[in-house]
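Enquirer: Using the working numbering, you'd call the opening residue of the sequence shown number 1285 and step up by one each time.
Glycine is no exception: its CB is placed at the ideal position from the N, C-alpha and C atoms.
Shown below is the structure under consideration.
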Amino acid sequence: MTSKQKLTILAINERSGISAKTGRPWVIREAQSILEQSSSDGASIVVGVIHLPQSLADTRPGDYLAEFALAQGNGQDAGRLVPRIVSLSPYGLPRAQPKADAKVA
């Protein structure tokens, strides 16, 4: 089961290195974000950082409708359920402007 929420990405920070354990390179992209949540208790705003999956590496700052799912964490979060971004869709796209009528001479 997934959940969709409005997510504003302010900036994306990238960290990378080589794993001491495996010798393989790694990259982590962290999105500094504002999450707008709605519940039966009302609306709330949460500010924080969330990891972006490799599939969303080309994401740019902006407003999105983020789809989240719970997944098992790793590293410090091993054994915990943590939210993961499944997909991002642009939020609040501007509507197409009607074409101007052709002028008749």
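Buried or exposed for Ser1323, please, with buried defined as at least 16 other CB atoms from any protein chain shown within 10 angstroms of its CB.
Expert: Residue mapping note: residue 1323 aligns to position 39 of the sequence shown, counting from 1. Ser1323 comes out exposed.
Enquirer: Rounded to whole angstroms, what's the CA-CA distance from His1335 to Gly1376? Just pull it up for me.
Expert: Translated into positions along the sequence shown, residue 1335 becomes position 51. Translated into positions along the sequence shown, residue 1376 becomes position 92. So the alpha carbons of these two residues sit roughly 23 Å apart.
Enquirer: Could you pull the start and end residues of the beta strand (DSSP E) that Leu1372 belongs to?
Expert: By 1-based counting over the sequence shown, the position of residue 1372 is 88. Start and end: 1365 to 1374.
Enquirer: Could you pull the start and end residues of the beta strand (DSSP E) that Ala1327 belongs to?
Expert: Here residue 1327 corresponds to residue number 43 of the sequence shown, with the count starting at 1. First-last of the beta strand (DSSP E) with Ala1327: 1326 to 1336.
Enquirer: Less than 8 Å between the beta carbons of Ala1350 and Leu1291, yes or no?
Expert: The residue you call residue 1350 lines up with position 66 of the sequence shown. The residue you call residue 1291 lines up with position 7 of the sequence shown. Taking 8 Å as the Cβ cut-off, Ala1350 and Leu1291 qualify as a contacting pair.
Enquirer: Could you pull the DSSP bridge partners for Gln1321 from this structure?
Expert: Start at 1 with the first residue of the sequence shown, and residue 1321 comes out as number 37. BP columns for Gln1321 point to Ser1328.
Enquirer: Can you name the start and end residues of the beta strand (DSSP E) that Ser1300 belongs to?
Expert: Taking the first residue of the sequence shown as 1, we reach residue 1300 at position 16. Taken as a continuous stretch (DSSP letters only), the beta strand (DSSP E) holding Ser1300 covers 1287 to 1302.
Enquirer: By the DSSP assignment, the beta strand (DSSP E) with Gln1356 in it spans what residues?
Expert: Your numbering for residue 1356 matches position 72 in the sequence shown. 1346 to 1356 is the extent of the beta strand (DSSP E) around Gln1356.
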